[in-house]
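Asker:
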Amino acid sequence: MSSLFGPSRLQDKVVLITGASGGIGAATAILFARAGANVILTARRASALSTIQSRCVEAHNSSGLECGGLFQSLTLDVSKSNDISHLASRLPSWAKDKVDILVNNAGLVLGVEKVGEIEEEEVNVMIDTNVKGLIGMTQLFINQFKQRGSGHIIQIGSVAGVEAYPGGSIYCATKYAVRAFTSALRKEVVDTKIRITEIQPGLVASEGFSLTRFRGDQQKADQVYSGLQPLSSEDVAEEIVWAANRPAHVQIAESLIFPTNQAGPRDVARPLLDQSK
Ligand SMILES: NC(=O)c1ccc[n+]([C@@H]2O[C@H](COP(=O)([O-])OP(=O)(O)OC[C@H]3O[C@@H](n4cnc5c(N)ncnc54)[C@H](OP(=O)(O)O)[C@@H]3O)[C@@H](O)[C@H]2O)c1
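Using full-length UniProt numbering, the first residue of the sequence shown is number 1, and each one after it goes up by one.
1. Quick check: G133 and A106, are their CB atoms within less than 8 angstroms of each other?
2. How far does the alpha helix (DSSP H) with T212 in it extend, from its first residue to its last?
3. When burial is assigned at 16 or more other CB atoms within 10 Å of the CB, is V190 buried or exposed?
4. Cα-Cα, which of E254, Y171, I156, G227 is closest to T260?
5. Counting along the chain, where does the alpha helix (DSSP H) carrying E120 start and finish?
6. With DSSP collapsed to three states, give me the class of M1.
7. Can you tell me whether Q200 is buried or exposed? The criterion is at least 16 other CB atoms within 10 Å of its CB, across all chains shown.
8. With S85 as the anchor, note down where its alpha helix (DSSP H) starts and where it stops.
9. Given this structure, state the Cα-to-Cα distance separating C67 from L231, to the nearest angstrom.
10. Assuming contact is defined by CB atoms lying nearer than 8 angstroms, are G157 and R186 in contact in what I supplied?
11. Per DSSP, which one or two residues make a beta bridge with R270?
12. Would DSSP call V57 helix, strand or coil?
13. What I want to know is whether the C-beta of S21 ends up closer than 7 angstroms to one or more non-hydrogen atoms of ligand 1.
14. With a threshold of 7 angstroms (Cβ to nearest heavy atom), would R44 be considered close to ligand 1?
15. Does DSSP put A184 in a helix, a strand or coil?
16. How many Å lie between I194 and T138 at the Cα?
17. I'd like to know if the region 47–65 and the region 23–31 are in contact, where contact means that at least 3 CB-CB pairs between them fall below 8 angstroms.
18. Excluding the five sequence neighbours on either side, which residues of its own chain have a C-beta within less than 8 angstroms of the C-beta of residue 291, listed in chain order?
19. Measure how close the beta-carbons of A243 and I142 come, nearest whole angstrom, since I'm counting them as under 8 angstroms.
20. Nearest-angstrom Cα distance between D128 and T212?
21. Would you say E122 and G111 are within 8 angstroms of each other, going by their C-beta atoms?
22. Is the beta carbon of S85 within less than 7 angstroms of some heavy atom of ligand 1?
23. By alpha-carbon positions, which one of S183, N61, Y171, S150 ends up nearest to A253?
24. What is the rounded straight-line gap between the Cα of I84 and the Cα of I30?
25. Cβ of P92 within 7 angstroms of any heavy atom in ligand 1?
26. Indicate, with yes or no, if ligand 1 has a heavy atom lying under 7 angstroms from the CB of E207.
Set out below in structure tokens:
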């Protein structure tokens, strides 16, 4: 693995990632593969998962490492409690009761409507995915981790869970919920070797996040990032894998990560735009 991370402590670890079919989750799966881990990739779209799994195989092969290299894609909709309750029985034998690291990454935002104008269905989708899905996945694995006495849960929160902004009330509420849940959990397992991390990205030009928010309108989606260099999915994946690769006694509790020209959810400078004026 690259010198950025030092020696890989991730060799032969079993990692399960939600939302691994695109964006931050896909980049994270590929980076774990390169670090010698075995990865379970989950999301709703089977064909996209299969593409990312092939890229994991390539990343593993090019790493030259003899460990790791086991990959399995499983369709999973985290907003469906049935999908979560059946997940354990669908894991391959090499991952059954052996997941070391859970990355709760699946999440989305819908729209920029103000309170009073938000469709109830969209409220439910955001809460069911970002909050109930993350809680369900955490509950599924935390008892295994407690029995084993170790494990690492990495939640993908957001700057939106640190500072709210207009037009993002429900999304911000979900990410504040992630932060509260994660903070309580970290305190509950403080007397164990289990590590609890929350990564809180700012603007990331991932594959689908902005496009989903603007319901497929590519122009509006691109405008969010115009004039500045946003984070890439790979930038955030490096942060996630770096946190996972710390020595066992080191717990990255929270990590707020911005592009250089961002200082808050709406505190964004667009130097390239200013130059063109
Ligand atoms: N991009 C940003 O600016 C930003 C900033 C801060 C935090 N985040 C957080 O980062 C995480 C990843 O977002 P991203 O930027 O990588 O977005 P993305 O490119 O749209 O990727 C989202 C991933 O989540 C999956 N997903 C969505 N709903 C799901 C569900 N119900 N069940 C299972 N998987 C589901 C999608 O796969 P399928 O469609 O195949 O299910 C996809 O793989 C989210 O939690 C997001 O809130 C993003």
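Using N, Cα and C, we set each Cβ at its ideal position, and we do this for glycine too.
Answerer: In this structure, then:
1. Locating residue 133 in the sequence shown gives position 133, where the first residue counts as 1. Locating residue 106 in the sequence shown gives position 106, where the first residue counts as 1. Yes.
2. As a working mapping, residue 212 is identified with position 212 in the sequence shown. In the DSSP annotation of this structure, the continuous segment of the alpha helix (DSSP H) that includes T212 starts and ends at 209–213.
3. Mapped onto the sequence shown, residue 190 falls at position 190. V190 should be labelled exposed.
4. Position 260 of the sequence shown, counting from 1, holds the residue named residue 260. It is G227 whose Cα lies nearest to the Cα of T260.
5. Here the question's residue 120 lines up with position 120 in the sequence shown. Taken as a continuous stretch (DSSP letters only), the alpha helix (DSSP H) holding E120 covers 120–126.
6. Taking the sequence shown and counting its residues from 1, one reaches residue 1 at position 1. No answer about M1 holds up, because its pLDDT of 47 lies below 50 and its placement is not dependable.
7. Within the sequence shown, residue 200 is the residue found at index 200, counting from 1. Buried.
8. Taking the first residue of the sequence shown as position 1, residue 85 is located at position 85. Note, S85: alpha helix (DSSP H), 81–90.
9. Here residue 67 refers to the residue found at position 67 of the sequence shown. Here residue 231 refers to the residue found at position 231 of the sequence shown. Our two residues, C67 and L231, have alpha carbons roughly 30 angstroms apart in a direct line.
10. Locating residue 157 in the sequence shown gives position 157, counting from the first residue. Locating residue 186 in the sequence shown gives position 186, counting from the first residue. It is not a contact, given that the beta carbons lie outside the stated cut-off.
11. Here residue 270 refers to the residue found at position 270 when the sequence shown is read from its first residue. Among the bridge pairs identified by DSSP, R270 is matched with none.
12. Numbered from 1 along the sequence shown, position 57 holds the residue referred to as residue 57. Residue state for V57 is assigned as helix, using DSSP reduced to three classes.
13. Walking along the sequence shown from the start, residue 21 turns up at place 21. Result yes, Cβ under 7 angstroms from ligand 1.
14. The residue labelled residue 44 in the question sits at position 44 within the sequence shown. Flag set: Cβ of R44 near ligand 1.
15. Taking the first residue of the sequence shown as 1, we reach residue 184 at position 184. In this structure, A184 counts as helix in the three-state DSSP scheme.
16. Numbered from its first residue, the sequence shown carries residue 194 at position 194. Numbered from its first residue, the sequence shown carries residue 138 at position 138. About 12 angstroms.
17. Yes: at least three Cβ pairs fall under 8 angstroms.
18. Outside the displayed span of the chain (1 to 277) sits residue 291, for which this structure offers no information.
19. Counting from 1 along the sequence shown, the entry for residue 243 is found at position 243. Counting from 1 along the sequence shown, the entry for residue 142 is found at position 142. Going by Cβ atoms, the distance from A243 to I142 rounds to 18 angstroms, so no, they are not a contact pair.
20. The residue you call residue 128 lines up with position 128 of the sequence shown. The residue you call residue 212 lines up with position 212 of the sequence shown. Cα to Cα, the separation comes out at about 16 angstroms.
21. Indexing the sequence shown from 1 puts residue 122 at position 122. Indexing the sequence shown from 1 puts residue 111 at position 111. With respect to the 8 angstroms criterion, E122 and G111 are classified as neighbours on the basis of their beta carbons.
22. For the purposes of this step, residue 85 is taken as residue 85 along the sequence shown, with counting starting at 1. Look at S85: its beta carbon is at least 7 angstroms from all of the heavy atoms in ligand 1.
23. The residue labelled residue 253 in the question sits at position 253 within the sequence shown. Of the candidates S183, N61, Y171, S150, the one whose C-alpha sits nearest the C-alpha of A253 is S183.
24. Within the sequence shown, residue 84 is the residue found at index 84, counting from 1. Within the sequence shown, residue 30 is the residue found at index 30, counting from 1. So the alpha carbons of these two residues sit roughly 23 angstroms apart.
25. Walking along the sequence shown from the start, residue 92 turns up at place 92. Distance from the C-beta of P92 to the nearest heavy atom of ligand 1 is not below 7 angstroms.
26. Locating residue 207 in the sequence shown gives position 207, where the first residue counts as 1. For E207, the Cβ falls inside the 7 angstroms cut-off from some heavy atom of ligand 1.
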